[in-house]
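Here's the structure we're looking at; comments come further down.
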Amino acid sequence: MRSLLCALLLLAALPARAQGPLEFVLIDADANVNVGEFAKSGEDFSPLKTEPWKIEKRTLHGGKQEGSELIVVNNGKLEFGVSPTRGMSVVFLKSIEGEGFPLGWKSPVKEVVHPQFVDLESRGGLGWLDGFGEWMCRCGVEFAGHPGKDEFTTNTGEKGELTLTLHGKIGNTPASRVTFAVDEAPPHRLRVRGSVFERSFHGPKLRLDTEISTVPGSQSVEIADRVTNVGGGAQEFQLIYHTNYGSPVLEKGARIFGAFESLQPMNDHAATGVNDWSMCEGPTRDFVEQVYLAKAAGDGAGATSILLQNAAGTKGASIEWNVKQLPYVTVWKNFAAAEDGYVTGLEPGTGFPFNRWVERHFNRVPKLKPGESRDFALSFHVLADKAAVGQARERIEALQRGTKLSITPTAPVAPAFGDKKD
Amino acid sequence: MRSLLCALLLLAALPARAQGPLEFVLIDADANVNVGEFAKSGEDFSPLKTEPWKIEKRTLHGGKQEGSELIVVNNGKLEFGVSPTRGMSVVFLKSIEGEGFPLGWKSPVKEVVHPQFVDLESRGGLGWLDGFGEWMCRCGVEFAGHPGKDEFTTNTGEKGELTLTLHGKIGNTPASRVTFAVDEAPPHRLRVRGSVFERSFHGPKLRLDTEISTVPGSQSVEIADRVTNVGGGAQEFQLIYHTNYGSPVLEKGARIFGAFESLQPMNDHAATGVNDWSMCEGPTRDFVEQVYLAKAAGDGAGATSILLQNAAGTKGASIEWNVKQLPYVTVWKNFAAAEDGYVTGLEPGTGFPFNRWVERHFNRVPKLKPGESRDFALSFHVLADKAAVGQARERIEALQRGTKLSITPTAPVAPAFGDKKD
Amino acid sequence: MRSLLCALLLLAALPARAQGPLEFVLIDADANVNVGEFAKSGEDFSPLKTEPWKIEKRTLHGGKQEGSELIVVNNGKLEFGVSPTRGMSVVFLKSIEGEGFPLGWKSPVKEVVHPQFVDLESRGGLGWLDGFGEWMCRCGVEFAGHPGKDEFTTNTGEKGELTLTLHGKIGNTPASRVTFAVDEAPPHRLRVRGSVFERSFHGPKLRLDTEISTVPGSQSVEIADRVTNVGGGAQEFQLIYHTNYGSPVLEKGARIFGAFESLQPMNDHAATGVNDWSMCEGPTRDFVEQVYLAKAAGDGAGATSILLQNAAGTKGASIEWNVKQLPYVTVWKNFAAAEDGYVTGLEPGTGFPFNRWVERHFNRVPKLKPGESRDFALSFHVLADKAAVGQARERIEALQRGTKLSITPTAPVAPAFGDKKD
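Residue numbers (this note's numbering), protein chains in the order written: chain A, 289 to 710; chain B, 289 to 710; chain C, 289 to 710.
Written as structure tokens, this is what we have:
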């Protein structure tokens, strides 16, 4: 069948530097390629006999999305959009079965903002928020978390002072290479792959290779990431999967289920609501965000999961991952007015969203030797009925039964910049 | 006639999402549209029987204007250029009757600078000046005025410190939706409409809707703006119409006429010239700008006007507006060498160009409730002969006769950042 | 022959606003032109009878080079790339005779980074390093050197405080006008010309006109630059030609030869290796850069030269210039691991890479009167065999014999920001 497929593909658009017969290069800085518009569907690969699917690469226009690129994948049950321009963030995810419903949220930031219009240093290091609207964006990879000061080594080998900006640079860095591939073997997984670099002379040299994939007709999206230190010296990194859910799954009475070893509020304000950490409110004017920091509990192999379900338990979204890769999970409750962004975030990470100075103090900043890599695999599920929600919930409850949850009712005492670690 | 027009228009370029038969969508982020090049003229609407006019949308090239867009409107008597890329600023205005003359100035910044090449935080918050060359640009709308520090509420609900940059972001924010429309009814006004958003998560959510319009064959440009708080919480805003005139209207002996309740120099340097606030000098090496702050005096309905006339009183430019909308007007005298930007600014505003911390102290920072709007209407006139100049001057002198002008010869004492308001 | 050529050229692509029959406009902001793709070769000018050559203008794609432009010149013996987008920097230079070899280095920054992805203020003013990968880039022209604070005059005529960013803005400023020309007269030099502006209202108004040229079949590239103050007031400037060589010319045992009046380490770390300032090491993990500051010694006319040769003395690269134009030369030794950028820089300049505050203290910041210009001419040679290397070395040794070299073994005492001179 391979030769038949090859013949078929040669009749279609010729892939530039394709790797294997079913991989298409969409963007490649080394080869100086950007294919611009691109579209494929299951019909182009009819010998594969899959559920109907399609993929399309578009260039966006208007306002702050002028020139921004978007790859939309439709697997017949789900549709999601990947932004090569915004570091391979997953801009949106929606269920398209029956009436369908969005999994993401309605950010007040409406466009797929091109990084040329984002100044990360703006608003005291909060400029990242000018482009924040994704269903799932990575925070990292040189640093993640809140803005603030940190030390670094300058070109002269001396200690310099660096202003860390909110959630780092990866989400505002365009991908250097992007491909689309279809597996020849069943279940014919659809794979959008991308490579994004954070590299600077006298700075970090970090490479993110991501694969965002789905099986035609399935209810899930899988992300397989690898972070590699391509520099010649040891290099810290941080990575948080900032996954954000809104209405209709999020609503008054919606609940969060997670299996944790420990949970603690991030600040005094969150501490006032720590006993209700899992309960969701409706949109509320002037709501101030509440953030809870949990150490995830896994099964014998490290597998864990977190779930948001709606009030009736008939719709939900869950994330599965391994605590050996991502030991921590941040629960972000931002039950703001609809106009301000009604959202809750479930955020597996290598650490919590304190700034790197603080995270380093608590030994939550991993370090890569030259050439060393770390892999991260997450599976994001859309739960479209009561049975699916129930199964996900029961699995988490079973995990929690195996581990005693320790809740600390007060916020951790974070060191100020410059404090020496004992 | 409507149906005839509809038929005619269907034969021409098809408007994307047009609202009504005579409106053409040029840019629309929601619909993912940017038409690129676009041109229409009176001949395309021959049943309307207007004076000759034309409009053209261009993409600019070279240097810092690479990719910048410009809409040039020619009403037969005047020509002006609107920049969707630079927040719907009016880049230039010129009289094209007879020999014609420009109303704007010759900035040392020569190109219609694309915001990708402007870092507002540069030069201690003066980066805005790297792109400043317009005849009329808005300062605002989250904040306007000088750079400096201010407080704001961060994502955690705590007070953070923010570096305000000169004259805010609106002039370096691309429009999300732009249309061109012709009135079916006489006088067949030509309308360029645009919507520009300053929106950030955990930040302001402000919308500017502008209409920049002119009647074929007329000597004026009308601007009708609406600022709306589309967020869920109360939101301050500031707005200054930074309108800048140069040679030949500005020259040695040119004069400024305005109807004011009060006038005061902005700083000690301006105080030395307060008695000559209305007098213009020729281009002068090493001239240091002088700024005067006036409270405008209106007629019974609030209508007011300001005028710049040349030395002979044969050429002029005036602005008409309502003091209920824009109570203040800043007179900016910058009689620098031609190479450095010989210019004077007449700037109606919601306040003066102190930074927001100071303006708030003096109660000049308006606040919008969620969903609330404010409207601003200004009419800009080109006065091409002695009669037109004389009429404008007499109208202002009549207004001033109704109000006693109080001049304070010294600058206001502005609070330093952090000073408590009594 | 001129008329024949004219006729031939009229049949080829018509140059927009060409100056003379053999000049082609590639970019011109005044005329709103960017030709996009462009290619010419010796065959298009067959009456000229030159060695084979070609030139091509490309738009780059992928990652941070999306939209970046590159002009590649091939003179038959050498190939080099000029980036109009990055201020006419020479991105790469390589020998293409026989097996060929690169003259530049392998920066960890891999793409021809578009300035839209560079925030110079990032990393405490080191953001320039996010785009640094060129064989030769200019540092300047308002300021060059290390980040730090300096005073400047604000719009109100008062002293303000400015954060200087590493090596200034010129290398991240797109050229406003670019042309390509071929000399009608032998030796039919190929000339890429560009104009880049650093201009701001209430800021510097500096113009760089550069010509980067080569003769078909030759082993050298000539750069002729002119910096002009187009503003109405006196204006300081700084200019360093940051020329960077890597493997294979740079290797363990490679040596630097220069003719100097004096040489001094830039800091204490460099002081530890001052006696070996001319010796090169192989790539070394965690190597901390060493910088040496030399005053160049010229012959009677001011001509001087600096050379890097490989260990065997069989390959080399030299730069020739005049000490009256560029009195200083910085030797930058950065023998880092290959992944981190193994490189040495030979950097003629108007001063050293301290920040402007320090350089002003030492009287190394030239100032231009309104309208005044300074010219800078440099000749970059590829030395492809032992004989060529030997000649270059002997010339430098002869120059040094005419001048006693004074080595100061300790770093200069640089004033802190705010220190008064004397």
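Glycine included, C-beta positions come from ideal geometry on N, C-alpha and C.
Whether residue i touches residue j by CB criterion (8 Å)
{"i": "A:P654", "j": "A:R662", "result": "yes"}
{"i": "A:E486", "j": "A:E524", "result": "no"}
{"i": "A:A665", "j": "A:L671", "result": "no"}
{"i": "A:D628", "j": "B:G519", "result": "yes"}
{"i": "A:P536", "j": "A:K583", "result": "no"}
{"i": "B:K540", "j": "B:E577", "result": "no"}
{"i": "B:L450", "j": "B:P435", "result": "no"}
{"i": "B:A589", "j": "B:A542", "result": "no"}
{"i": "A:T442", "j": "C:L336", "result": "no"}
{"i": "C:T498", "j": "C:D513", "result": "yes"}
{"i": "C:L630", "j": "C:G690", "result": "One detail in the question is off: residue 630 of chain C reads as Tyr in this sequence, not Leu. Their beta carbons are not under 8 Å apart, which means C:Y630 does not touch C:G690 by this criterion."}
Own chain, CB closer than 6 Å to residue i, minus 5 neighbours either side, in chain order
{"i": "A:V360", "result": "E344 and G369"}
{"i": "C:C425", "result": "S377, G459 and H530"}
{"i": "B:T516", "result": "R495 and S661"}
Residue-chain proximity (residue i, chain A), Cβ-Cβ < 8 Å
{"i": "B:V518", "result": "yes"}
{"i": "C:Q711", "result": "The structure shown has nothing for residue 711 of chain C, since chain C only spans 289 to 710."}
{"i": "B:H434", "result": "no"}
{"i": "B:A301", "result": "In this predicted model, B:A301 has a pLDDT of only 38, less than 50, meaning its place in the structure is not dependable enough to derive any value."}
{"i": "B:H490", "result": "yes"}
{"i": "C:G706", "result": "no"}
{"i": "B:T442", "result": "yes"}
{"i": "C:R411", "result": "yes"}
{"i": "C:N555", "result": "yes"}
{"i": "B:K540", "result": "no"}
Neighbour flag for residue i against chain B, beta carbons, 8 Å
{"i": "A:N643", "result": "no"}
{"i": "A:A591", "result": "no"}
Residue nearest to residue i in terms of C-alpha spacing, selected from the options
{"i": "A:G375", "options": "A:G482, A:G534 and A:K674", "result": "A:G482"}
{"i": "A:E399", "options": "A:E446, A:S371, A:E385 and A:D316", "result": "A:S371"}
{"i": "A:E331", "options": "A:N532, A:V323, A:W341 and A:T691", "result": "A:W341"}
{"i": "C:I607", "options": "C:A589, C:E569, C:L656 and C:I511", "result": "C:I511"}
{"i": "C:L595", "options": "C:K493, C:T516 and C:V619", "result": "C:V619"}
{"i": "B:S508", "options": "B:R648, B:L391 and B:A600", "result": "B:L391"}
{"i": "C:P248", "options": "C:G633, C:K657 and C:Y580", "result": "Since the first residue of chain C shown is 289 and the last is 710, residue 248 of chain C is not available in this structure."}
{"i": "B:G601", "options": "B:T516, B:F545, B:K365 and B:T461", "result": "B:F545"}
{"i": "B:D316", "options": "B:T467, B:A327 and B:V379", "result": "B:T467"}
{"i": "A:D707", "options": "A:E439, A:D471 and A:S501", "result": "A:E439"}
{"i": "C:V617", "options": "C:L358, C:T444, C:V321 and C:E549", "result": "C:E549"}
{"i": "B:A676", "options": "B:A702, B:Q597 and B:G586", "result": "B:Q597"}
{"i": "B:G637", "options": "B:S488, B:R689, B:R683 and B:G433", "result": "B:G433"}
7 Å Cβ shell around residue i - same chain, five flanking residues per side excluded
{"i": "A:H402", "result": "K352, Q353, E354, G355, S356 and T373"}
{"i": "C:G428", "result": "G456, I458, F525, Q526, L527 and I528"}
Residue i (DSSP reduced to helix, strand or coil)
{"i": "A:A304", "result": "For A:A304, the predicted structure reports a pLDDT of 37, less than 50, and the residue's modelled location is therefore unreliable. The matter cannot be settled from this model."}
{"i": "C:G436", "result": "strand"}
{"i": "A:D497", "result": "strand"}
{"i": "A:E409", "result": "coil"}
{"i": "B:I384", "result": "coil"}
{"i": "C:A585", "result": "coil"}
Neighbour flag for residue i against chain C, beta carbons, 8 Å
{"i": "B:E357", "result": "no"}
{"i": "A:D497", "result": "no"}
Spatial neighbours of residue i in its chain, beta-carbon cut-off 8 Å, leaving aside the 5 residues before and after
{"i": "A:A699", "result": "Q552, P553, M554, N555, D556, A558 and A559"}
{"i": "B:D318", "result": "S464 and R465"}
{"i": "C:H649", "result": "A702, P703, D707 and K709"}
Residue i: CB within 7 Å of a non-hydrogen atom of the ligand ATP
{"i": "A:L478", "result": "This structure simply doesn't include the ligand ATP, nor any ligand for that matter."}
Quiz item: According to a CB-to-CB cut-off of less than 9 Å, which residues of the stretch 446-467 of chain B neighbour chain D?
Solution: You won't find chain D in this structure, because its protein chains are A, B and C.
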